[in-house]
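Colleague:
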Amino acid sequence: MFRLSTLILLVCLFVSCHKGGKEQQQPVCAVKACTKIFVTVGVKFTNAQGDPIAVKNFSAINQRTKSKLVVSSATYDLMPGYFIIANDNTLDQLSTAGDDVLVSADHPVTGEVKAAMFKISGGCNCHVEKLSGPETIVFN
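If you want it as structure tokens, here you go:
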């Protein structure tokens, strides 16, 4: 009886140790102190004269995951022609080192499509951060 229970215990330990290695695929973020400031990354759409344009079909696609960034807050109406690409609610949709995000939109009258590439970091960082990309996308 003692041998059987010892054998069962050893098998359970081996199985639990073996499974534990497979479950650690996602990196764990280190604990750090972050400010309570809420950060957003956005872009302004204008015409050639610098007037804001309320574009249609705005999208921001993470090129690593091929998924649309979803800003999980109420629609922002900060200023005409300004659109939020990412904010601190989208940290988990972006990598810590930064992802390429393709932003595109259509001109509401002409149908012209404009696109620009941004690099935005998130992940284990305290806040989203635009690493590269334009401040303004200009329609002709």
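Take the sequence shown: its position 74, counting from 1, is numbered 77 in our numbering, and each next residue is one higher.
Every residue, glycine too, gets a C-beta built ideally from N, C-alpha and C.
Provide the residue span of the beta strand (DSSP E) that contains I87, from first to last.
Modeller: Per DSSP, the unbroken beta strand (DSSP E) holding I87 starts and ends at 85-90.
Colleague: Quick check on the DSSP output: the beta strand (DSSP E) that includes N143 runs from which residue to which?
Modeller: Unbroken run through N143: none, as it is neither H nor E.
Colleague: Can you list, in chain order, the residues of its chain with a C-beta nearer than 6 Å to that of Q96? Leave out the 5 residues immediately preceding and following it.
Modeller: L72
Colleague: Quick one, which of C32, V31, C37 has its alpha-carbon nearest C129's?
Modeller: C37
Colleague: What residues in its chain sit with their C-beta under 7 Å from that of K133, if we drop five residues either side in the sequence?
Modeller: V44, F121, I123
Colleague: Nearest CA to the CA of K69: which residue from C127, V104, T49?
Modeller: V104
Colleague: Should V73 be counted as a contact of the ligand ZN given a C-beta to heavy atom distance under 7 Å?
Modeller: The ligand ZN is absent from the structure shown, which contains no ligand whatsoever.
Colleague: Is the Cβ-Cβ distance between D109 and K59 less than 8 Å?
Modeller: yes
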